[in-house]
Amino acid sequence: MTQTALTREQVLAMEPGQELDELINLHFFKIDMVAHVPYSTEISVAWKWKSGLQGLG
82 MTQTALTREQ
92 VLAMEPGQEL
102 DELINLHFFK
112 IDMVAHVPYS
122 TEISVAWKWK
132 SGLQGLG
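So the numbering used here is basically just the index in the sequence shown, starting at one, shifted up by 81.
What follows is the structure, given as structure tokens:
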């Protein structure tokens, strides 16, 4: 995936899937993961991360 700035509208228009998940890893978690974590397609994964992050704050 190339590193280019995306607008809010471009991100919101993206379909759930690996490309969106990679953007979440790179820009939200600041990590470049080899394994695919399905944040955008598996709600249970997203909630698990959200719960973990709430414990940090």
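The beta-carbon is built from N, C-alpha and C at its ideal position, and this holds for glycine as well.
Item                                                                                                   : Value
Residue nearest to L87 in terms of C-alpha spacing, selected from Q99, H108, V118 and P97              : H108
Contacting residues, own chain, Cβ-Cβ under 7 angstroms from P97 (five flanking each side not counted) : S121 and T122
Secondary structure of I112, DSSP reduced to three states                                              : coil
Rounded C-alpha distance that separates I148 from E103                                                 : Outside the displayed span of the chain (82 to 138) sits residue 148, for which this structure offers no information.
Selected residue, minimal CA-CA separation from K131, among M95, V92, V115 and F110                    : F110
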